[in-house]
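Protein chains in written order, with this note's numbering: chain A, 1 to 133; chain B, 134 to 266. Idealized CB from N, CA, C, for every residue including glycine.
Protein chains: 2
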Amino acid sequence: MEEQLSIAQTSQKFNIAASTLRYYEKIGLMDPVEKNASGHRIYKEKDFRRINFIKTLREAGVTVEQIKTYVDLFHEGEHTIPQRKQLLIEQLHLLQKQADNLLHVIDDLKDIIQNYEDTLVKREMDQRRKNRT
Amino acid sequence: MEEQLSIAQTSQKFNIAASTLRYYEKIGLMDPVEKNASGHRIYKEKDFRRINFIKTLREAGVTVEQIKTYVDLFHEGEHTIPQRKQLLIEQLHLLQKQADNLLHVIDDLKDIIQNYEDTLVKREMDQRRKNRT
DNA sequence: TTAGTACTTAAAGTTAACTTTAAGTCAACC
DNA sequence: GGTTGACTTAAAGTTAACTTTAAGTACTAA
Chain A
1 MEEQLSIAQT
11 SQKFNIAAST
21 LRYYEKIGLM
31 DPVEKNASGH
41 RIYKEKDFRR
51 INFIKTLREA
61 GVTVEQIKTY
71 VDLFHEGEHT
81 IPQRKQLLIE
91 QLHLLQKQAD
101 NLLHVIDDLK
111 DIIQNYEDTL
121 VKREMDQRRK
131 NRT
Chain B
134 MEEQLSIAQT
144 SQKFNIAAST
154 LRYYEKIGLM
164 DPVEKNASGH
174 RIYKEKDFRR
184 INFIKTLREA
194 GVTVEQIKTY
204 VDLFHEGEHT
214 IPQRKQLLIE
224 QLHLLQKQAD
234 NLLHVIDDLK
244 DIIQNYEDTL
254 VKREMDQRRK
264 NRT
């Protein structure tokens, strides 16, 4: 049988607050989630896939609005495939820039840390010299 | 002579709004900037270096608050070097995680784009076959 | 001397992305 | 039949990081 989870369980599974899941649905990032007889949400495989998609992009810094644009195109059907592809390519370029910058900053930070390290080592050597005299 | 720029010029040089420069100063990311006789800010080399530091980290997603913590330690003097080093190392780990995730997302996006590409190519081939009959 | 431009400050406003609150429904257990 | 717990919605609140506004000062050119 297909896995079916409550909002609390889904929240746990993806480590996303239940309120956030409702929020994503409200603003149209998630399609309306199926409800049981008492009106509680039942999340299924297709929802999980969507949540993963959203989470991944969000963690990479893609805005909710941009994801919404994509999802909207998705709903418009197959004829939007070229636009969707274009949109993803643009997003890809942005992320590549971001990754590039990040790697530079990481290098810079390593340098600064190394400088501190050098300072500390030099200090300790001075200390030892003092102790010897 | 040392380069001296007005807030407007500095804003241009770094592509950061003048209001943002004032804001950074107000919250203590920047040290109080020197002023001329009529109370206008004069930015100099040491300010440029600080602005660069802030800009680089901000672009990598480091929060203003975290940068503030670092700057505060800096002001406390040399004895905070071990703490500063520790702080930067932690930040470095975070950024490395972020870069890692970003590279994964980039790969995922490339896959999705390739799928769209395949779909489009397949469509065109179907179209040609139709035209031939 | 007046107009314009470039600044100044303090305070209020904005935006994105949630998060919290308030009030209510429903099924299960005591 | 009352209480508990897991949900529901709509609306209000929060936070970070700016950005805008309002009111004022100072130099410069006409």
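Contacts of residue i in chain B (Cβ-Cβ under 8 Å)
i: R84/A; result: Y249
i: I89/A; result: I246
i: K110/A; result: L225
i: L29/A; result: Ordered by position in chain B, no residue passes the 8 Å Cβ test against L29/A, which lies about 17 Å from the chain.
i: L57/A; result: V238
i: L95/A; result: L235, V238, I239, L242
Residue i - partner residues in DSSP beta bridges
i: K44/A; result: DSSP output for K44/A lists no bridge partner at all.
i: K168/B; result: R174/B
i: L57/A; result: DSSP output for L57/A lists no bridge partner at all.
i: L5/A; result: Y43/A
Run of the alpha helix (DSSP H) containing residue i, from where it starts to where it stops
i: D108/A; result: 81-132
i: E158/B; result: 151-159
i: V197/B; result: 197-209
Rounded separation between residue i and residue j - CA only
i: L138/B; j: N234/B; result: 39 Å
i: I246/B; j: K85/A; result: 6 Å
i: F147/B; j: M258/B; result: 50 Å
i: E34/A; j: R41/A; result: 6 Å
i: I7/A; j: M30/A; result: 13 Å
i: N115/A; j: D180/B; result: 21 Å
i: E117/A; j: V197/B; result: 25 Å
i: L88/A; j: F74/A; result: 12 Å
i: Y43/A; j: A18/A; result: 12 Å
i: Q229/B; j: A193/B; result: 11 Å
i: I81/A; j: A37/A; result: 36 Å
i: Q66/A; j: H237/B; result: 19 Å
i: R256/B; j: I27/A; result: 33 Å
i: Y203/B; j: L190/B; result: 11 Å
i: D240/B; j: V62/A; result: 15 Å
Residues that residue i contacts on chain A, provided the C-beta gap is smaller than 7 Å
i: A193/B; result: N101, L102, V105
i: I214/B; result: Y116, T119, L120
Closest Cα partner of residue i within the set the options
i: S11/A; options: L29/A, K46/A, A37/A, I51/A; result: I51/A
i: L120/A; options: Q216/B, E158/B, Q199/B, E135/B; result: Q216/B
i: E136/B; options: L154/B, E178/B, N169/B, A193/B; result: E178/B
i: L242/B; options: S38/A, T69/A, V105/A, Q91/A; result: Q91/A
i: F186/B; options: E211/B, G172/B, Y157/B; result: Y157/B
Cross-chain neighbours of residue i in chain B, by beta carbon under 7 Å
i: Q98/A; result: L235
i: L5/A; result: Neighbours of L5/A on chain B: none; closest Cβ ~23 Å, over 7 Å.
beta-carbon residue i near the ligand COA non-hydrogen atom, thresh 7 Å
i: R183/B; result: This structure does not include the ligand COA; it has no bound ligands of any sort.
Contact set between residue i and chain A, taken where Cβ atoms lie within less than 8 Å
i: T153/B; result: Here the premise fails: no neighbours, minimum Cβ distance about 19 Å.
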